[in-house]
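Just so we're aligned: the sequence shown equals residues -2 to 377 in the numbering used here. The structure under discussion appears below in the form of structure tokens.
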Amino acid sequence: MIISSPNDYRAAAKRRLPPFLFHYIDGGAYEEYTLKHNVEDLSKIALRQRVLNDMSQLSLETQLFDETLSMPVALSPVGLTGMYARRGEVQAAISADQKGIPFTMSTVSVCPIEEVVPKINRPMWFQLYVLKDRGFMKNALERAKAAGCSTLVFTVDMPVPGARYRDMHSGMSGKNAAMRRYFQSVTHPQWAWDVGLNGRPHDLGNISTYLGKPTGLEDYIGWLGNNFDPSISWKDLDWIREYWDGPMVIKGILDPEDAKDAVRFGADGIVVSNHGGRQLDGVLSSARALPPIADAVKGEIKILADSGIRNGLDIVRMLALGADICMLGRAFIYALAADGGAGVSNLLELLDKEIRVAMTLTGAKTIADINSDCLVKLDN
């Protein structure tokens, strides 16, 4: 397996994973137009090359919520990360920790909070949805706080699950799904040995801890569908503040008015995100949504961004469009699926090098220097 760029990990992951898992992480909602535009729109952002500026003293360090990050990146919450490599949340968290950036655990992780936290040194972030079962939410917040998680990432763009047609075709859901997943697994022996046999329990660890009984992959889709709460509103976030006094980030913002509401609510940060194109197809790409949001609230709240980021140049582009840091989802899952924690560590090093090249050739000596001056103003 020759890996020369971050994008090489996608092909490697496709070879190694059973199709139901590859297409689950690779796909989007409906016809996947937003999924495609996330990548295309970001890749079209033109960087402004500058030379002869003595770029010998570069720094990728940045501060966020009283944490020092070695680069302007955090790993996004991804459900079922532990199905992509053996105890995948643990491996990814260790790689992020060694690099000096945050790992964000998903509500629907395979490994529970208590399994991951003892393996890392820096505080972990924790992601939560608004769910009908408020008892679970309270339990998760209390456990995250007791484990020393530093930041709550609250996802608000999933009051109902998106229509992900690929999952019906791949075997993640639909008729005879369990049988289809079984046959796919046995025809991918590397994954079957590493995860299928030795990565057990295949469990929704945080949910099982709360319920006191196993909650496996067969329950995943049904549990999500039954527990997401379409009645979500800002008052639900007030309720969460009663149980969480640390930094709180609202994930799933695409409109400047919602960003202003987040400021009024008192959130510490927002994530400009369309859930990787996995929720409402046809909405703006994050690259197009970000500039007007930054114009509206930059300096009043920390702005994070995800969706469509595949390499270090994309990170620089997002920062120049107005983000303070970026979050990676698919990119690190591809690497994890291809080569476990070693793949994630190598991906982060590749991103580091690409960011340094982009900063050197745009004249940005620090992360704070990456702004709209680093972009070529083109007429669309």
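We put the beta carbon where it would ideally sit given N, CA and C, even for glycine. All values derive from a computational prediction rather than experimental measurement.
Close beta carbons around residue i, own chain, < 6 Å, minus the five adjacent residues each side
i      : result
Val105 : Gly76 and Leu201
Ser342 : Ser92
Arg177 : Gly168
Asp242 : none
Leu284 : Correcting the residue type first, residue 284 is Ala in the shown sequence and not Leu. Counting only Cβ-Cβ distances below 6 Å, and skipping sequence neighbours, we find Asp38 and Leu39.
Pro253 : Pro289, Ile290 and Ala293
Pro211 : Asp200 and Ser205
Residue i versus residue j - alpha carbon distance
i      : j      : result
Ala259 : His185 : 45 Å
Phe225 : Lys299 : 27 Å
Met52  : Leu287 : 28 Å
Asp233 : Val127 : 8 Å
Ala71  : Arg119 : 12 Å
Phe151 : His166 : 30 Å
Ser292 : Met102 : Looking at the sequence provided, one finds Asp at residue 292 rather than Ser. Looking at the two C-alpha atoms, the distance is approximately 30 Å.
Gly309 : Met134 : 35 Å
Leu372 : Ser40  : 12 Å
Val378 : Tyr240 : Any property of residue 378 remains undetermined from this structure, which presents the chain solely from -2 to 377.
Ala141 : Leu49  : 48 Å
Thr78  : Leu358 : 35 Å
Ala332 : Asp23  : 13 Å
Ile237 : Ile0   : 43 Å
Gln95  : Lys116 : 11 Å
Arg45  : Asn203 : 45 Å
Ile378 : Met315 : The requested residue 378 is not part of the displayed model; the chain covers only -2 to 377.
Gly213 : Ala365 : 44 Å
Ala82  : Ala334 : 6 Å
Gly171 : Trp220 : 15 Å
Gly296 : Lys33  : 30 Å
Gly340 : Asp349 : 14 Å
Leu194 : Glu58  : 40 Å
Ser230 : Ser205 : 27 Å
Ala302 : Phe62  : 16 Å
Phe17  : Ala175 : 10 Å
Beta-carbon spacing of residue i, residue j below 8 Å
i      : j      : result
Met80  : His199 : yes
Phe19  : Ala10  : yes
Arg275 : Gly25  : yes
Thr148 : Val246 : yes
Glu86  : Cys108 : yes
Val113 : Ala143 : no
Trp188 : Pro15  : yes
Asn35  : Gly249 : no
Ala320 : Leu344 : no
Ile322 : Leu66  : yes
Pro156 : Gln124 : no
Pro244 : Gly266 : yes
Glu29  : Asp278 : yes
Gly360 : Arg47  : yes
Tyr21  : Asp154 : no
Ser282 : Asp130 : no
Leu347 : Pro3   : yes
Ala256 : Val294 : yes
Gly338 : Gln88  : yes
Simplified DSSP assignment, three categories, for residue i
i      : result
Lys295 : strand
Leu194 : helix
Cys371 : helix
Tyr126 : strand
Gly326 : coil
Glu64  : strand
Thr206 : helix
Gly168 : coil
Leu333 : helix
Ile312 : helix
Leu57  : coil
Leu345 : helix
Asp366 : helix
Val183 : helix
Val354 : helix
Gly305 : coil
Leu149 : strand
Gly338 : helix
Leu201 : coil
Residues near residue i in its chain [Cβ-Cβ closer than 7 Å; skip 5 each side]
i      : result
Ala317 : Ile367, Asn368, Ser369, Cys371 and Leu372
Thr363 : Ser56
Arg84  : Cys108 and Gly196
Gly222 : Pro158
Val280 : Thr31, Leu251 and Asn271
Arg13  : His185, Gln187, Trp188, Ala334 and Ala335
Phe262 : Trp231 and Leu234
Near the ligand SAH: residue i beta-carbon under 7 Å from a heavy atom
i      : result
Arg238 : Annotation note on the ligand SAH: not contained in the displayed structure, which lists no ligands.
Neighbourhood of residue i by C-beta, 8 Å cutoff - its chain only, sequence neighbours within 5 removed
i      : result
Tyr207 : Gly132, Phe133, Asn136 and Ala137
Handout entry: Those runs of the alpha helix (DSSP H) which lie wholly inside the region 233 to 281 and span at least 4 residues
Key = 253 to 262
Problem - beta strand (DSSP E) segments (min. 3 residues) lying fully within the region 65 to 143 - result: 70 to 72 and 122 to 126
Exercise for the section: List in chain order: all unbroken alpha helix (DSSP H) runs of 4+ residues lying wholly within the region 0 to 38. Expected result: 5 to 13 and 16 to 23
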